[in-house]
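Undergrad: Can you keep this structure in mind? I'll have questions shortly.
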Ligand SMILES: [Zn+2]
Ligand SMILES: [Zn+2]
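Below, the structure written as structure tokens:
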């Protein structure tokens, strides 16, 4: 038991301080991925579509530049949804176990958004913002300083990026 605890702490330490080993995958293990470096932003999303996608109270979104995706292997199926903006959001999930791995937002074509809970160590990420708080369950807000009642705009994304930079540098 003690050895397992030490091993776990070792992995978290490595990924947090060397920018290495930011890995994840689906529940059954047939899809695996790895990032080269820290994400650009992290957000909790309280929208109803995220509730449906996760079967839970909110989504945990990790925004990554596509160039930062080192590896993504394994078969996925996609589900396309038209967002509030009228533009598409294409989700990729494991056809075997149903875990959502990442999604592609038409409005931010140079980025991919990963599902925070799909990382092997989701605790390595701090959350800097909350959005769609007008759809939040009354007990689900975590009280981020940066928050919006509806969807993100460029101003909100930039504020999140600045916050992430100042913490990770
Ligand atoms: Zn799977
Ligand atoms: Zn959402």
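In this note's numbering, the protein residues as written are 108 to 276.
Note that beta-carbon positions come from the ideal geometry of N, C-alpha and C, so glycine has one too.
(1) Within 10 angstroms of the Cβ of residue 259, are there 16 or more other Cβ atoms? Answer buried if so, exposed if not.
(2) Taking C-alpha atoms, which residue in 131, 236 and 257 lies nearest to residue 180?
(3) Going by other Cβ atoms of all chains shown within 10 Å of its Cβ, with 16 needed for buried, is residue 164 buried or exposed?
(4) Tell me which same chain residues have a C-beta within less than 8 Å of the C-beta of residue 261, skipping the five on either side of it?
(5) From the DSSP output, in three-state form, read off residue 157 for me.
(6) With DSSP as the reference, label residue 109 as helix, strand or coil.
(7) Spatial neighbours of residue 242 within its chain, please: CB distance less than 6 Å, with the 5 preceding and 5 following residues excluded, ordered by chain position.
(8) Indicate, with yes or no, if ligand 1 has a heavy atom lying under 7 Å from the CB of residue 154.
(9) Taking 7 Å as the cut-off, does the CB of residue 166 come closer than this to any heavy atom belonging to ligand 2?
(10) Taking the alpha-carbon positions, what's the residue 264 to residue 148 distance?
(11) Which of helix, strand or coil does DSSP assign to residue 119?
(12) Taking the alpha carbon of residue 167 as the reference point, which residue from 216, 210, 185 and 193 has its own alpha carbon closest?
(13) In the stretch 140–185, which residue ranges form an unbroken alpha helix (DSSP H) of at least 4 residues, counting only runs that do not cross its ends?
(14) Can you name, in chain order, every residue of its own chain whose Cβ lies under 8 Å from the Cβ of residue 220, other than the five neighbours on each side?
(15) Quick check: what's the CA-CA separation for residue 255 versus residue 197?
(16) For residue 197, name the three-state secondary structure that DSSP assigns.
TA: So, to answer that:
(1) Here residue 259 refers to the residue found at position 152 of the chain shown. With 16 or more other Cβ atoms within 10 Å, it is buried.
(2) By 1-based counting over the chain shown, the position of residue 180 is 73. Nearest option by C-alpha distance: 131.
(3) Working through the chain shown from its first residue, we reach residue 164 at position 57. Residue 164 should be labelled exposed.
(4) For the purposes of this step, residue 261 is taken as the residue at position 154 of the chain shown. Around residue 261: no qualifying Cβ.
(5) Residue mapping note: residue 157 aligns to position 50 of the chain shown, counting from 1. Here residue 157 carries a helix assignment [DSSP, helix/strand/coil].
(6) Here residue 109 refers to the residue found at position 2 when the chain shown is read from its first residue. Here the model assigns residue 109 a pLDDT of 41, short of 50, so the residue's position is not dependable, and the following value carries that caveat. In the structure shown, residue 109 sits in a helix (DSSP, three-state: H, G or I).
(7) Your numbering for residue 242 matches position 135 in the chain shown. 153, 154 and 155.
(8) As a working mapping, residue 154 is identified with position 47 in the chain shown. Not under cutoff, so the answer is no.
(9) In the chain shown, the residue the question calls residue 166 occupies position 59. True, at least one ligand heavy atom lies under 7 Å from that Cβ.
(10) Residue numbering aside, residue 264 sits at position 157 when the chain shown is read from its first letter. Residue numbering aside, residue 148 sits at position 41 when the chain shown is read from its first letter. C-alpha separation (whole angstroms): 8 Å.
(11) As a first step, residue 119 must be located in the chain shown, where it is residue number 12. Since pLDDT at residue 119 reaches only 45, below the 50 mark, its modelled position is unreliable, and the value read off the structure follows with that caveat. Correct three-state label for residue 119: helix.
(12) Looking up residue 167 in the chain shown gives position 60. Of the candidates 216, 210, 185 and 193, the one whose C-alpha sits nearest the C-alpha of residue 167 is 210.
(13) 155–161
(14) Counting from one through the chain shown, the residue named residue 220 turns up at place 113. For residue 220, the CB contacts under 8 Å within the same chain, skipping 5 residues up- and downstream, are 168, 169, 170, 171, 209, 210, 211 and 212 in chain order.
(15) For this step, residue 255 is matched to residue 148 along the chain shown. For this step, residue 197 is matched to residue 90 along the chain shown. Looking at the two C-alpha atoms, the distance is approximately 23 Å.
(16) The residue labelled residue 197 in the question sits at position 90 within the chain shown. Strand.
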